[in-house]
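Visitor: Here it is, the structure in full.
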Amino acid sequence: MSNLPRSLAIEHAVSLRELNTFGLPAVAHTLVRITDDADVRRMLGHPQIGRAPKLILGGGSNLILTRDPQAVVLRVEVMGRRLVEERPDAWIVEVGAGERWHETVAWTLDQGWPGLENLALIPGSVGAAPVQNIGAYGVELQDRFESLDAVDLVTGRSVTLSAAACAFGYRDSVFKQTGFGGLAGKSLITRVRLKLPRPWQPVIGYLDLERKIAETGVQAPDPRTIFDWICAIRRAKLPDPAEVGNAGSFFKNPVVSPEQCRDIIARDPHIVHYAIDGGRFKLAAGWLIDACGWKGKSIGRAGVYEKQALVLVNRGGASGAEVVTLARAIQESVYGRFGIRLEPEPVVV
Numbered sequence: 001m002s003n004l005p006r007s008l009a010i011e012h013a014v015s016l017r018e019l020n021t022f023g024l025p026a027v028a029h030t031l032v033r034i035t036d037d038a039d040v041r042r043m044l045g046h047p048q049i050g051r052a053p054k055l056i057l058g059g060g061s062n063l064i065l066t067r068d069p070q071a072v073v074l075r076v077e078v079m080g081r082r083l084v085e086e087r088p089d090a091w092i093v094e095v096g097a098g099e100r101w102h103e104t105v106a107w108t109l110d111q112g113w114p115g116l117e118n119l120a121l122i123p124g125s126v127g128a129a130p131v132q133n134i135g136a137y138g139v140e141l142q143d144r145f146e147s148l149d150a151v152d153l154v155t156g157r158s159v160t161l162s163a164a165a166c167a168f169g170y171r172d173s174v175f176k177q178t179g180f181g182g183l184a185g186k187s188l189i190t191r192v193r194l195k196l197p198r199p200w201q202p203v204i205g206y207l208d209l210e211r212k213i214a215e216t217g218v219q220a221p222d223p224r225t226i227f228d229w230i231c232a233i234r235r236a237k238l239p240d241p242a243e244v245g246n247a248g249s250f251f252k253n254p255v256v257s258p259e260q261c262r263d264i265i266a267r268d269p270h271i272v273h274y275a276i277d278g279g280r281f282k283l284a285a286g287w288l289i290d291a292c293g294w295k296g297k298s299i300g301r302a303g304v305y306e307k308q309a310l311v312l313v314n315r316g317g318a319s320g321a322e323v324v325t326l327a328r329a330i331q332e333s334v335y336g337r338f339g340i341r342l343e344p345e346p347v348v349v
């Protein structure tokens, strides 16, 4: 058996259409497949690409490609799932950043470790989950987070970051922040450790889940039932990226002050809104977009999904520029009517 170090997997002129869930056309002039921390260090020591700008690509579900990226694309393919600790208060599960998120949720349930069921069917990879602080139906990644491993893209040094170091916010983290202290484009996540609470408690406060309880008569759903309900709810509202290109929810739900919320309710009493911590309110971005008449509409080959106005879709052959044009038109329309500036969730490249 050879003891020589494994060579770096470098590819050139790679189409990214199949590597982003929106199905947008783009070509990476150089793509490096990262399967462990050592691959990052090998890449940084490479004479041609070590110092070049980098673009980290996981599941491609949070990316809008408007052109061929000039940066070296790092395709994260760190795999593996395992239980690393069983504590009285939680199961600690470690997952490679390249694993698919939804399959990981299903796997934890299969092992008898519930807690992620409300986050079922969210597209993308495990490594992208803390970057975006993904969330749905009353649970956010930060609620189930223990720590993560990442590699510095300048020094090649491996570090472990706690929840506090990740600076989680609403669909935000230190990995999306630029400037001093921000790690956007500076670190590549290789492994994520999830904290699945014991004893398990259901999170069923969302309206869609309350409707499922009323429909089924199941007053105390178990984790698998909630998982199945979430999958059914999401499939009824959201298109499968394998069939219709999309990036899931395109805009963040805006958070407003009580005064702003009262003002909007006075003008539009039916607006969907939720009270959150700090006395503030979260407004349903999909409702705002629908109220402006965008559901089912298109600009070029990019459109707004007929069943959920929060989702923009590729109607076939759309370019990234068309998606951005549609998104900006929606932003201006919502701002003009409600005085609220919607913020996109995906990263535009």
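First residue of the sequence shown? That's 1 in UniProt numbering, and the numbers climb one at a time after it. Even for Gly, the Cβ is constructed at its ideal location relative to N, Cα and C.
#1: For residue 140, tell me which candidate among 181, 346 and 173 has the shortest Cα-Cα distance.
#2: Residue ranges of each alpha helix (DSSP H) run of no fewer than 4 residues wholly in the segment 16-82, ordered along the chain?
#3: Can you tell me whether residue 89 is helix, strand or coil according to DSSP?
#4: Taking its Cβ as the centre, do 16 or more other Cβ atoms sit within 10 Å of residue 149, making it buried, or is it exposed?
#5: Three-state secondary structure (DSSP) at residue 222?
#6: Does residue 140 come out as helix, strand or coil in the three-state DSSP assignment?
#7: Is it the case that the Cβ atoms of residue 72 and residue 88 are separated by a distance below 8 Å?
#8: Check residue 314 in the structure and name its three-state DSSP category.
#9: From residue 295 to residue 305, what distance separates their C-alpha atoms?
#10: As an exercise, report each continuous alpha helix (DSSP H) stretch of at least 4 residues that is fully enclosed by the segment 100-150, in chain order.
#11: In the structure shown, what three-state DSSP assignment does residue 258 receive?
#12: What number of angstroms, rounded off, separates the C-alpha of residue 42 from the C-alpha of residue 159?
#13: Taking the beta carbon of residue 4 as the centre, do at least 16 other beta carbons fall within 10 Å, making it buried, or is it exposed?
#14: Measuring only the C-alpha atoms, how far is residue 14 from residue 74?
#15: Assuming the contact rule is C-beta atoms closer than 8 Å, residue 208 and residue 189 should be a hit. Round their C-beta distance to whole Å, please.
#16: Have a look at residue 181 and residue 335 and give me their C-alpha separation to the nearest angstrom.
#17: My guess is that residue 92 and residue 84 are in contact by the Cβ rule of under 8 Å, so how many angstroms apart are they, rounded?
#18: In three-state DSSP terms, what is residue 1?
#19: On a CA-only basis, which of 226, 303 and 240 is nearest residue 330? Give me that one, please.
#20: Between the C-alpha atoms of residue 69 and residue 27, what's the straight-line distance to the nearest angstrom?
#21: Between residue 292 and residue 111, what straight-line distance do the alpha-carbon atoms span, to the nearest angstrom?
#22: Could you have a look at residue 281 and say whether DSSP puts it in helix, strand or coil?
#23: Determine the extent of the beta strand (DSSP E) in which residue 196 is found, giving its start and end residues.
#24: Quick check: what's the CA-CA separation for residue 218 versus residue 18?
#25: Three-state secondary structure (DSSP) at residue 306?
#26: Please state if the CB of residue 264 and the CB of residue 168 are separated by a distance shorter than 8 Å.
#27: Alpha carbon to alpha carbon, how far is residue 81 from residue 44?
#28: Taking the alpha helix (DSSP H) that residue 335 belongs to, which residues open and close that run?
#29: If you draw a straight line from the C-alpha of residue 100 to the C-alpha of residue 124, how long is it?
#30: Give the single residue among 119, 157 and 153 whose Cα lies nearest to the Cα of residue 142.
#31: Pull up the DSSP beta-bridge partners for residue 251, would you.
#32: For residue 308 and residue 237, which I take to be in contact (beta-carbon distance under 8 Å), what is that distance rounded to the nearest angstrom?
Guide: Working from what's here:
#1: 173
#2: 37-44
#3: coil
#4: buried
#5: coil
#6: strand
#7: no
#8: strand
#9: 6 Å
#10: 101-110 and 128-132
#11: helix
#12: 17 Å
#13: With a pLDDT of only 40 at residue 4, under 50, the local geometry of the prediction cannot be trusted, and the value read off the model is given with reservation. Classification of residue 4: exposed, given that the 10 Å Cβ count is below 16.
#14: 12 Å
#15: Residue 208 to residue 189, Cβ: 30 Å. No contact.
#16: 31 Å
#17: 5 Å
#18: Reliability of the predicted coordinates at residue 1 is poor, the pLDDT of 41 falling under 50, and the value obtained from them is presented with this limitation in mind. DSSP places residue 1 in coil when its eight states are reduced to three.
#19: 303
#20: 7 Å
#21: 45 Å
#22: strand
#23: 187-197
#24: 40 Å
#25: coil
#26: no
#27: 26 Å
#28: 320-338
#29: 6 Å
#30: 119
#31: 344
#32: 4 Å
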